[in-house]
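Read through the structure below, which is laid out as structure tokens, and then see the notes.
Number of protein chains: 2
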Amino acid sequence: MKQIWRSGTQLYPLPAVLVSCGSSVDDSNLITVAWTGTICSDPAMLYISVRPGRHSYEIIKREMEFTVNLTTEAICRATDWCGVRSGRDCDKWKEAGLTPVPGVAVGCPHVAESPLSIECRVKSIVPLGTHHMFIAEVVDVLADEKYMDPQTGAFDMERAGLIAYSHGGYYSLGQKLGKFGFSVQKKK
Amino acid sequence: MKQIWRSGTQLYPLPAVLVSCGSSVDDSNLITVAWTGTICSDPAMLYISVRPGRHSYEIIKREMEFTVNLTTEAICRATDWCGVRSGRDCDKWKEAGLTPVPGVAVGCPHVAESPLSIECRVKSIVPLGTHHMFIAEVVDVLADEKYMDPQTGAFDMERAGLIAYSHGGYYSLGQKLGKFGFSVQKKK
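Chains as they are written, first to last, in this note's numbering: chain A, 150 to 337; chain B, 150 to 337.
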């Protein structure tokens, strides 16, 4: 039997990404966002939803660019910290111990400690309520060579230790249960 | 050092949810979706992105309602299966071994085997490219009493065994690394 609850945000697990924004390394900020997801495969598009009161909101609205940096067990504490503090009061990079690297196709820097950084350009801003949704196109993806197999060139995401956010907690990814399509795969 | 890749869908981990749709238990379908996320806290809103060619696309467009059912290790195979098969060719509920339960505020049934079902009403449809985004408001949330602590009434999501989808694989959630805000919490 299921209990009926009133409307709420109960869709989990979600990513908890570090979004970097600004015009350059010296003029940039970080914000942690779980309200993010892929919205289209081709063109590759994603969104982030941000409260208009947040320091990063005005920066992203002005620059119309941002970078989504995937997060790992190693930077879990920094990820949480950038979600509860404001860049109005401090240099988040310095305080959180994260390293800004100049962007490739966008002005804003990305996070050196993130295994995968996704540079994005904003196409539209949709006001919804407490949050406004930035709808963006992926411009390019920056992948840490550390996780690349030198023989095959394959990128081993499992080694990176990505984290998920679920109902108020951060979790490592556990056991691999199957690959996409495993339910219809013929046994060899 | 980071390699520069061309634009692609690399934002992970994501949920892999079973979306149920249709007007009643007898006229309904299931589709698995990873392109989903929370877009606003108040009002509680989420999106799903679906290819227009999919059988469920027309159903959701017609009914302007759907239900997002969270998925677990126990229904991982069914989740994968509903993502690769089409409801045009079979009764997905029956074939996947899932049980439809009449909806509460929407016509479409929800999945009995899911610990948490989120009933949604579509507010707008945004064509983006390969995928169209259904922007929806959460109407209510149905939570399996099995995961409710009879003493405290707290809902224990960890016991449900939620799964995440990351770079082509399904994963259980592993170790809890911290609660939201743990990086600024004072030691007692």
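We put the beta carbon where it would ideally sit given N, CA and C, even for glycine.
With a cut-off of 8 Å on the beta carbons, I'd call residue i and residue j a contact; round off their distance for me.
i         : j         : result
Ile-197/A : Phe-215/A : 7 Å
Val-287/A : Ile-267/A : 6 Å
Leu-160/B : Leu-195/A : 5 Å
Asp-191/A : Gly-278/B : 5 Å
His-259/B : Ser-169/B : 6 Å
What's the call for residue i, buried or exposed, on a 16-neighbour Cβ count within 10 Å?
i         : result
Cys-239/B : exposed
Asp-150/A : In the sequence on display, residue 150/A carries Met and not Asp. Classification for Met-150/A: exposed.
Val-136/B : Because chain B spans 150 through 337 in this model, residue 136/B falls outside it and cannot be assessed.
Gly-317/B : exposed
Gly-252/B : buried
Gly-202/A : exposed
Pro-276/B : exposed
Gly-186/B : buried
Pro-264/A : buried
Glu-340/A : An answer regarding residue 340/A cannot be provided, because it is not within the stretch 150 to 337 covered by chain A.
Ile-153/B : exposed
Glu-307/B : exposed
Lys-241/A : buried
If we call anything under 8 Å between Cβ atoms a contact, is residue i one with residue j?
i         : j         : result
Ile-257/B : Thr-181/B : First, the amino acid is wrong: residue 257/B is Cys here, not Ile. Not a contact, by the Cβ cut-off of 8 Å.
Ala-165/B : Thr-248/B : no
His-204/A : Ser-156/A : no
Leu-163/B : Ala-183/B : yes
Ala-254/B : Asp-289/B : yes
Ala-292/A : Lys-272/A : no
Met-309/A : Tyr-296/A : For clarity, residue 309/A is Ala in the given sequence; the question names Met instead. Yes, the Cβ-Cβ distance between Ala-309/A and Tyr-296/A is below 8 Å.
Leu-311/A : Cys-225/B : no
Ile-209/A : Phe-283/A : yes
Tyr-320/A : Gln-324/B : yes
Gly-246/B : Glu-212/B : no
Please list the partners that residue i has in chain D, where partner means a Cβ-to-Cβ separation under 9 Å.
i         : result
Val-253/A : The structure shown contains no chain D; its protein chains are A and B.
Restricting to runs no shorter than 3 residues, where is the beta strand (DSSP E) found entirely within the region 215-302 of chain A? Listed in chain order, the beta strand (DSSP E) runs fully inside the region 215-302 of chain A are 265-276 and 281-293, counting runs of at least 3 residues.
Is it true that the region 162-179 of chain A meets the region 170-179 of chain B, where meeting means three or more beta-carbon pairs spaced less than 8 Å apart? By the criterion of at least three beta-carbon pairs nearer than 8 Å, the region 162-179 of chain A is not in contact with the region 170-179 of chain B.
Touch test, the region 203-221 of chain B against the region 296-303 of chain B, Cβ-Cβ under 8 Å, three pairs minimum: Not touching, per the Cβ criterion.
Which runs of the beta strand (DSSP E) spanning at least 3 residues fall entirely within the region 157-222 of chain A, listed in chain order? As summarised for the region 157-222 of chain A, the continuous beta strand (DSSP E) elements at least 3 residues long and confined to that stretch are 166-173, 176-182, 185-189, 194-199 and 214-218, given in chain order.
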